[in-house]
Every structure is written in C-alpha cells, then in structure tokens.
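For the record, in the sequence shown the residue sitting at position 115 is 114 according to numbering that gives the first Met the number 0, with numbers rising by one throughout. Virtual Cβ for every residue (Gly too), placed ideally from N, Cα, C.
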Amino acid sequence: MKNLNTAKCVGSSSNTIFTPNNSVKDTFRFCLFFVSFFLLPHLLTAQCATCTGNLVINGGFNTNTSSWNSTNGNFTADDPYPQCNTAKHAMIQRNSGVATFYQDVSGVAVGTQLSLTFWAGVHVNNNQKFGVEFYNGNSYLSESKLDINKILGGSPSMQFYTIPFTVPPSTTKIRVIGTADNDWIKVDEVCLVTICTNVPTITGSNALCSDNKSPTALTASGGGTYLWNTGATTATINVTPTTTTTYTVTVTNGGCVNSVSKTISVINCTGPICFNGANGVSATANWTITYTQDPINDKVKIRATLSKNFVDNTYGTNAIGWGSKGHTFGNLTGSDHLILSLLDGNNVKKMETKLDYISASGGGYDALGVTGGEGQMILGSSSDVLSATTSLDQNFNTYGYVLITNSPATDANYIPNPTYPNWIYDVWYEVEVRLSAFGSAGFGKVGITGVHASPSKTGNNTELVSEGPCCELSPTITGDTLVCAGKSTQLAATYLSNTTLEIYPSDDTYLSQKILQIILVHAKNL
Numbered sequence: 000m001k002n003l004n005t006a007k008c009v010g011s012s013s014n015t016i017f018t019p020n021n022s023v024k025d026t027f028r029f030c031l032f033f034v035s036f037f038l039l040p041h042l043l044t045a046q047c048a049t050c051t052g053n054l055v056i057n058g059g060f061n062t063n064t065s066s067w068n069s070t071n072g073n074f075t076a077d078d079p080y081p082q083c084n085t086a087k088h089a090m091i092q093r094n095s096g097v098a099t100f101y102q103d104v105s106g107v108a109v110g111t112q113l114s115l116t117f118w119a120g121v122h123v124n125n126n127q128k129f130g131v132e133f134y135n136g137n138s139y140l141s142e143s144k145l146d147i148n149k150i151l152g153g154s155p156s157m158q159f160y161t162i163p164f165t166v167p168p169s170t171t172k173i174r175v176i177g178t179a180d181n182d183w184i185k186v187d188e189v190c191l192v193t194i195c196t197n198v199p200t201i202t203g204s205n206a207l208c209s210d211n212k213s214p215t216a217l218t219a220s221g222g223g224t225y226l227w228n229t230g231a232t233t234a235t236i237n238v239t240p241t242t243t244t245t246y247t248v249t250v251t252n253g254g255c256v257n258s259v260s261k262t263i264s265v266i267n268c269t270g271p272i273c274f275n276g277a278n279g280v281s282a283t284a285n286w287t288i289t290y291t292q293d294p295i296n297d298k299v300k301i302r303a304t305l306s307k308n309f310v311d312n313t314y315g316t317n318a319i320g321w322g323s324k325g326h327t328f329g330n331l332t333g334s335d336h337l338i339l340s341l342l343d344g345n346n347v348k349k350m351e352t353k354l355d356y357i358s359a360s361g362g363g364y365d366a367l368g369v370t371g372g373e374g375q376m377i378l379g380s381s382s383d384v385l386s387a388t389t390s391l392d393q394n395f396n397t398y399g400y401v402l403i404t405n406s407p408a409t410d411a412n413y414i415p416n417p418t419y420p421n422w423i424y425d426v427w428y429e430v431e432v433r434l435s436a437f438g439s440a441g442f443g444k445v446g447i448t449g450v451h452a453s454p455s456k457t458g459n460n461t462e463l464v465s466e467g468p469c470c471e472l473s474p475t476i477t478g479d480t481l482v483c484a485g486k487s488t489q490l491a492a493t494y495l496s497n498t499t500l501e502i503y504p505s506d507d508t509y510l511s512q513k514i515l516q517i518i519l520v521h522a523k524n525l
C-alpha cells in the first residue's frame, strides 16, 4: 500500500476511481480503510500472547538494548508506542544510508520450522525492513524479511507481523535484524520460537496382570532427548508397576519441548468361573489376559479344566477311577471336545468354539483346535483364534511323553510319576483369541456350554453345563445308623448328584472301612 495515489473502492455501487483530493477526502479515507480491512485483516488483530520458548533474548527491550547489536544508526530503547503493556520498544534512525540492529541465534538445526513475530512501525515509509538472515559462519546465505509499512499512531500504534520459515541447508547462524533507510524503524515484542510439528507418543502396554509381575516396555518417540518422570533419559523404559500408574515423558527436539503421558492399569488377569452339569461333572475356566508391546491389548487366553470325576488323563492299566469299564488312549482321541463361548463386555456372545482335544495328525497326535478333528467354529471367524492346545497335547508334544498304551502310573491322589514328572493328569483346553473380535465393548467373560468325553466316569459322555458356584460336591451317606447282629441293611453313598452306591454290609468292620474308603476315594476326586 506504499505510494498509494488512487484506489478502487471494492464493493462500492460503481467502479468510480477516487483520487485523494480535498473534494473527496472523506470518501477516499473510507475506501482506503475498506481495502486495508479486507486485504490485510490479520495485520489489524492485536497479538499479545506470551512468548514461550523465545530464542531471542530481551525481545521486549525491557532491559533497553542489551543482547542486541547495531551498525551506523542511533539505536536506543524508548517508551513511546509500546505494545502488550511493555515499558519500552527499540528504535533506530539513520539520516542517510542504512542502519541496522540485530541479534544472532545459533544452535538451531537445519530444517527446523520457526516462527518470527514482532510489532513494528515507521514514521515515514522508506524501505524499512525487519526479519531474519541466514549465515554459514560469517558467510551470508539468504534472508526472509518484511517491509514495515505501518505508519505509527492509531490503535494499535504499531502493526503485528509474522514470518514463518524453515532453516535452510548449511545454516549455522540466524540473524534477527531490522534495517532503517533514511528514517526511523521502531520494533517491539520480538518472538522467535520453534514450530513443534512432531508430537511425541508412547507405545506399550495399556495394562499388566497383577498376578504376573513381568516388566513391560514403554517406548517414546519424537526426540531429541527424553526425560521420564521416573528419572530415566532413554527412549525405552521397562516398568513393573504394582498399582495403576501414569508415566510421563518430556521430549525435547530442537526448540520443541512437549510432554505425553500413558497410564498402565494393573488388573486381575485370571479368574475362575465354574460350571456344573446335571450329573455332577464340573468344569473350571480360568481366563488370562495377556498384553503385547502394542498400544492395543491384542489377545485373551482362556483355559478350561474339567473335573477328574468326569474324565482324566489316565488310561490303560494305570487308569484311575474308571472301574470295570476301563479307559484307553483311544477313548481320548478323535472324539473328546469342549464347547466354549466368549462374551464381550456387554454380555453379548461374540465367539463360540468347539475345541478338539487330541487327534491323529501327521504321524503323531496333536490338538487340532477349531479346524481339525472334533474342532469347529460355531460362531465367529477362525482367523481370530490365534492358538489352541490341551493338556494331553502338552504331555505328548511339549514334554515328549508319547504314551499311547498306558499313562504314567499314579494313585488316587494323582501323585507325580518319577519317570514322567511333568505329566498332566487334568484334562484341560486352552485357546488364545484376538481381543479385537469383541469390538469396542472389549472382552467380557467365558462360558462353557458343553463337554464331551467318550467314555466319562459319570456315565453321560456328553454333559450340558451351566455356570454355578465354585465348590466341591460333598459326599453323603444315608441309611440306618443301627442294625441288629447278623442282619443286613442298605446304605446309600451319594458322591455325585445323581449317582447312588448301594452296599449291603454284613458286619461293622466292613461298614466302617470299606464304605468310607470308597466314598473318600471319590470325594478326593471332586
């Protein structure tokens, strides 16, 4: 708008050209304001925000001209025209030729994005400039400056200017500089700050299991340098909180200083859910949530263990509690399974799996999950099933106990066999599935809708089970408490809900020893 002699009043009722003479003085002033307002609205807005992280020292000239240098002109700090409630502003005059005042800033990396803001004005518009010059050592490279064309006075007295820029290649020094050519330039509130475009992040676990205190890694990005609230200064830290804890890292990158926090919850990751069938068969499902070094908890692991009163991993000549019907390895292969349902946090069933116990596969025996043997995906996608195994699969393929005739010898208490110390006598099924399969509601709980063993100890090979209390079934004995010598009586020993053992004792010794021995053997298995 320098040297403006005529102006077209944009938006007027005609295309009349207005000349600033006395006859149209008021109309011209209106037109000049109209053009200025609509072409340069950002220059009319007062900008008095706090300058945080200023790379310029004494940018408000409140300590006069300290930290600044000048050439040629009369460089002073004075109190007319201050901005943003400051006491002083800088001014330099040169009656002839060019005067400068400047401050050098070093240590800013090439490619850093910066913003220079300042207030400035002139008495006479005569090629005054303010901005930045770039140097490699003392060698001039380039510059980014603005013409200062705001005539001092009015409200605000000075004008607010902004110069965004990126530090060019080879720059080792930035010079913040003002120039005056044959008249005054006045400047205040010089602010040079880094534009922080790189927002730091923390990746890692959202939660840890309270019963599994293994450390988890948190990794920050966006540096620079790092400072955690733990005192660590590395990008990655390993933490093992005992309670829900928030971790904060402050990342410094050039002139950018940003902080970010992440909270790790400490939760109970295992819990028993018990299921009982009509014939007294019980199944206990323990769910365990596991977490990977990823912002999202990505899988849940479920193990369901069946009562040894229903089925166990004993067979052949070493079968325990199977009576005259016996139990063979072949009874466990190719037909046994468990039906598991998984619900989300809203108790909506999202997945139902039929898990294979163990089947012949590739010349050996494996648990075939939901895709082989008895395995089937009833609801949901098999791609969400990450892994599946069973206790007998672990016996064969983890511990290498490939026993297809007789299981390791044990007793009614299932004590470990010294030759096969890791043999698992419980029948259990374990599966890992993706947490993403449960949607925004998240994983909720486990359900068991059916178990199958051919044969079972209860006589019912397939049991429909439902959730119930986690408790042991108590055996009971009903019948006469007194009997005449030489007479017999009937005692009913109930150790499973619908199973009655009838005994006809002939003497007290048999009654006190044999009956209780049988009852207690079964009770221990419940």
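Quick one: what's residue i bridged to in DSSP?
i	result
Phe422	Going by the sequence as given, residue 422 is Trp instead of Phe. Note: Trp422 sits in no beta bridge, so no partner.
Leu226	Thr249
Ser105	Lys172
His451	His336 and Thr461
Cys208	Ile266
Ile357	DSSP lists no partner for Ile357.
Gly548	Past the boundaries of the shown model lies residue 548; the chain is included only from 0 to 525, so the question cannot be answered.
Gly120	Lys185
Gly467	Cys273
Arg302	Asn285 and Glu429
Gln46	None, per the DSSP bridge assignment.
Met350	Leu341
Return the chain-ordered list of same chain residues with a C-beta closer than 7 Å to the C-beta of residue i, the five sequence neighbours on each side being excluded.
i	result
Ile423	Asn312, Ser390, Gln393 and Asn394
Gly153	none
Ser143	Gly130, Val131, Ile162 and Phe164
Thr332	Ile357, Ser358, Ala359 and Tyr364
Val123	Asp182
Ser66	Ile56, Asn57 and Gln102
Thr316	Asn405
Asp78	Ala86 and Lys87
Val401	Phe395
Taking C-beta to C-beta, are residue i and residue j nearer than 7 Å?
i	j	result
Ser455	Phe328	no
Ser104	Leu115	Before going on, a small fix: residue 104 reads as Val here, not Ser. Their beta carbons are not under 7 Å apart, which means Val104 does not touch Leu115 by this criterion.
Thr242	Thr218	no
Leu140	Tyr160	no
Ser487	Ser334	no
Thr75	Ile176	no
Ile184	Ile147	yes
Thr170	Val109	yes
Val445	Ala284	yes
Ala206	Ser264	yes
Within its chain, find whatever has a CB closer than 6 Å to the CB of residue i; leave out the 5 residues flanking it on each side and keep chain order.
i	result
Asn345	Ala440
Ile338	Lys353, Thr448 and Gly449
Asn267	Ser209
Cys83	Cys47 and Glu188
Trp118	Gln82, Met157, Phe159, Asp187 and Glu188
Ala89	Phe60, Ala76 and Val186
Asn68	Tyr101
Val97	Thr178 and Asp180
Asn237	Pro214 and Ala216
Which same chain residues, not among the five before or five after residue i, have their C-beta less than 8 Å away from its C-beta?
i	result
Glu462	Gly276, Ala277, Asn278, Val280, Phe309, Gly449, Val450, His451 and Ser455
Thr232	Thr224, Tyr225 and Leu226
Lys349	Leu341, Leu342, Asp343, Leu378, Gly379, Ala436, Phe437 and Gly438
Lys24	In this prediction, Lys24 scores a pLDDT of 33, lower than 50, which makes its location untrustworthy; the coordinate-derived value is nonetheless stated afterwards. Answer for Lys24: no residue qualifies.
Tyr398	Tyr419, Asn421 and Trp422
Gly136	Thr171 and Lys172
With a cut-off of 8 Å on the beta carbons, I'd call residue i and residue j a contact; round off their distance for me.
i	j	result
Ala179	Ile91	5 Å
Glu466	Ile272	6 Å
Thr304	Asp425	5 Å
message: If contact is defined by three or more beta carbon pairs under 8 Å, each pair taking one atom from either stretch, is the segment 161-168 in contact with the segment 50-67?
response: no
message: If contact is defined by three or more beta carbon pairs under 8 Å, each pair taking one atom from either stretch, is the segment 219-230 in contact with the segment 184-194?
response: no
query: Is there contact between the segment 366-378 and the segment 397-416, where contact requires at least three CB pairs shorter than 8 Å?
result: no
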